[in-house]
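Novice:
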Amino acid sequence: GAGVSQTPSNKVTEKGKYVELRCDPISGHTALYWYRQSLGQGPEFLIYFQGTGAADDSGLPNDRFFAVRPEGSVSTLKIQRTERGDSAVYLCASSLGSRSYNSPLHFGNGTRLTVT
Amino acid sequence: AQKITQTQPGMFVQEKEAVTLDCTYDTSDQSYGLFWYKQPSSGEMIFLIYQGSYDEQNATEGRYSLNFQKARKSANLVISASQLGDSAMYFCAMRENSGYSTLTFGKGTMLLVSP
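Here the protein sequences come in this chain order: A and B. The first sequence begins at 133 in my numbering and counts up one residue at a time. The second sequence begins at 66 in my numbering and counts up one residue at a time.
(1) Since B/Leu88 and B/Gly171 should fall inside the 8 Å C-beta cutoff, what is the C-beta to C-beta distance between them, to a whole number of angstroms?
(2) With respect to the beta strand (DSSP E) encompassing B/Cys157, which residues constitute its N-terminal and C-terminal limits?
(3) Report all residues from its chain with a CB closer than 7 Å to the CB of B/Asn162; omit the five preceding and five following residues, and keep chain order.
(4) Any C-beta of chain A sitting closer than 8 Å to the C-beta of B/Glu109?
(5) Count the other CB atoms, across all protein chains shown, that sit within 10 Å of the CB of B/Asn141; report buried if there are 16 or more and exposed otherwise.
(6) Within the 8 Å Cβ cut-off, does B/Phe100 reach chain A?
(7) Pop quiz: A/His238 and A/Val136 are said to be a contact at Cβ under 8 Å. What is the actual Cβ separation, rounded to whole angstroms?
(8) Where does the unbroken beta strand (DSSP E) through A/Glu152 begin, and where does it stop?
(9) Starting from the beta carbon of B/Tyr97, find every residue of chain A whose beta carbon is closer than 9 Å, and list them in chain order.
(10) Using 8 Å for Cβ pairs, my map puts A/Cys224 next to A/Ser207. What's the rounded Cβ distance?
(11) Count the other C-beta atoms from every protein chain shown that fall within 10 angstroms of the C-beta of B/Pro180, then say buried if there are 16 or more, exposed otherwise.
(12) Please tell me whether, using a cut-off of 7 Å, the distance from the CB of A/Tyr222 to the nearest non-hydrogen atom of the ligand PLP is below it.
(13) List the DSSP bridge partners of B/Tyr119.
(14) Tell me the rounded alpha-carbon separation between B/Ile69 and B/Ser107.
(15) Strictly below 8 Å CB to CB, what residues from chain B border A/Tyr222?
(16) Looking at B/Thr167: is its Cβ nearer than 8 Å to the Cβ of A/Tyr165?
(17) Within its chain, find whatever has a CB closer than 6 Å to the CB of B/Met110; leave out the 5 residues flanking it on each side and keep chain order.
(18) Which residue or residues does DSSP assign as beta-bridge partners of B/Thr125?
(19) Are A/Leu192 and A/Ile211 close, meaning C-beta to C-beta below 8 Å?
(20) Can you look up B/Gly75 in the DSSP assignment and give me helix, strand or coil?
(21) For the pair the segment 138-153 of chain B and the segment 79-86 of chain B, tell me if three or more CB-CB distances fall below 8 Å.
(22) So, is the C-beta of B/Leu176 closer than 8 Å to a C-beta in chain A?
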């Protein structure tokens with residue numbers, strides 16, 4: 133079946149601009165996660181959705197970052213007034229359920245964001 | 066304190082040999098899961114193997130096995146009969162049962178397999 137789909141695969145934007153990154157999870161997966169991965173590092177948690185609501189947004193670095201999942205499926209990560217330090221690969225993942233510690237996360241291929 | 070520690074930034078192994086990638090973890094939860102992911106240069110994160118804290122047997126998936134030592138809080142990945150395609154970054158991760166638990170990753174180990 134189809135995996136997690138992320139678009140665009142690459143995004144180059146100028147400092148100060150607004151960007152949206154999209155994630156389409158695996159069908160039937162109720163939990164959706166956003167991570168950010170900088171070069172040479174492991175993925176860092178940003179936000180997690182269970183259904184339509186953000187259950188944990190403790191990883192969002194500041195109020196320039198926001199994510200939505202209005203219908204409990206597709207999610208959009210929004211970054212306002214982008215800064216060069218926002219440059220990274222943004223990974224989306226989904227899983228069958230969030231409350232069970234034995235559910236693996238299935239990741240998309242990521243969006244590489246470059247802020248110039 | 067780091068929740069997941071991977072002390073080997075890089076490892077080299079010859080094709081067909083076995084290699085062990087180290088991972089130690091820190092949690093006060095009794096229930097938790099440990100995961101290993103592979104990330105090739107293409108960037109995708111591929112789930113390899115899972116070990117639950119209550120599992121009595123070490124997990125195995127094909128050429129991958131997990132050497133789980135609960136008292137030492139270690140969950141090392143063993144890859145047998147290495148192949149050139151195993152060259153990639155490998156991440157250890159933990160998911161705790163407390164609250165709305167996400168996956169916490171280590172910094173990774175780069176594995177290079179030579180012919």
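Just so it is clear, CB atoms sit at the ideal spot from N, CA and C, and this is done for glycine as well.
Specialist: Walking through what the data contain:
(1) Against the second sequence, residue 88 of chain B aligns to sequence position 23. Against the second sequence, residue 171 of chain B aligns to sequence position 106. Position check: residue 88 of chain B holds Cys in this sequence, whereas Leu was assumed. Indeed, because the Cβ distance is near 6 Å, the residues count as touching under 8 Å.
(2) Locating residue 157 of chain B in the second sequence gives position 92, where the first residue counts as 1. First-last of the beta strand (DSSP E) with B/Cys157: Ala153 to Glu161.
(3) Here residue 162 of chain B is taken as the residue at index 97 of the second sequence, counted from 1. The answer, listed in chain order, is Asp94, Ser96 and Tyr97.
(4) On the second sequence, residue 109 of chain B is found 44 positions in, with the first residue counted as 1. Judged by the 8 Å Cβ criterion, B/Glu109 is in contact with chain A.
(5) As a position in the second sequence, residue 141 of chain B is number 76, starting the count at 1. Under this definition B/Asn141 is a buried residue.
(6) Your numbering for residue 100 of chain B matches position 35 in the second sequence. Closer than 8 Å to some Cβ of chain A, the Cβ of B/Phe100 qualifies, so yes.
(7) Reading the first sequence from its first residue, position 106 is the one you call residue 238 of chain A. Reading the first sequence from its first residue, position 4 is the one you call residue 136 of chain A. The pair is a contact, with the Cβ atoms about 6 Å apart (cut-off 8 Å).
(8) As a first step, residue 152 of chain A must be located in the first sequence, where it is residue number 20. Taken as a continuous stretch (DSSP letters only), the beta strand (DSSP E) holding A/Glu152 covers Val151 to Asp156.
(9) One-based indexing of the second sequence puts residue 97 of chain B at position 32. The contacting residues are Tyr233.
(10) Numbered from 1 along the first sequence, position 92 holds the residue referred to as residue 224 of chain A. Numbered from 1 along the first sequence, position 75 holds the residue referred to as residue 207 of chain A. That pair is a contact at about 7 Å.
(11) To locate residue 180 of chain B, count along the second sequence from 1; it is residue 115. Under this definition B/Pro180 is an exposed residue.
(12) This structure lacks the ligand PLP; in fact it carries no ligand of any kind.
(13) The residue given as residue 119 of chain B occupies position 54 in the second sequence. DSSP, once it has assigned bridges, lists no residue as partnering B/Tyr119.
(14) Mapped onto the second sequence, residue 69 of chain B falls at position 4. Mapped onto the second sequence, residue 107 of chain B falls at position 42. If you take the alpha carbons of B/Ile69 and B/Ser107, they lie about 24 Å apart.
(15) The residue you call residue 222 of chain A lines up with position 90 of the first sequence. Simply none; closest approach about 11 Å.
(16) Mapped onto the second sequence, residue 167 of chain B falls at position 102. Mapped onto the first sequence, residue 165 of chain A falls at position 33. Contact: yes.
(17) For the purposes of this step, residue 110 of chain B is taken as residue 45 along the second sequence, with counting starting at 1. Within the same chain, B/Met110 has close Cβ partners Tyr102 and Gln104.
(18) Start at 1 with the first residue of the second sequence, and residue 125 of chain B comes out as number 60. Paired residue(s): B/Ser130.
(19) Looking up residue 192 of chain A in the first sequence gives position 60. Looking up residue 211 of chain A in the first sequence gives position 79. The answer is no: Cβ separation not under 8 Å.
(20) Numbered from its first residue, the second sequence carries residue 75 of chain B at position 10. If DSSP states are grouped into helix, strand and coil, B/Gly75 belongs with the strands.
(21) yes
(22) Translated into positions along the second sequence, residue 176 of chain B becomes position 111. No, B/Leu176 does not count as interfacial toward chain A.
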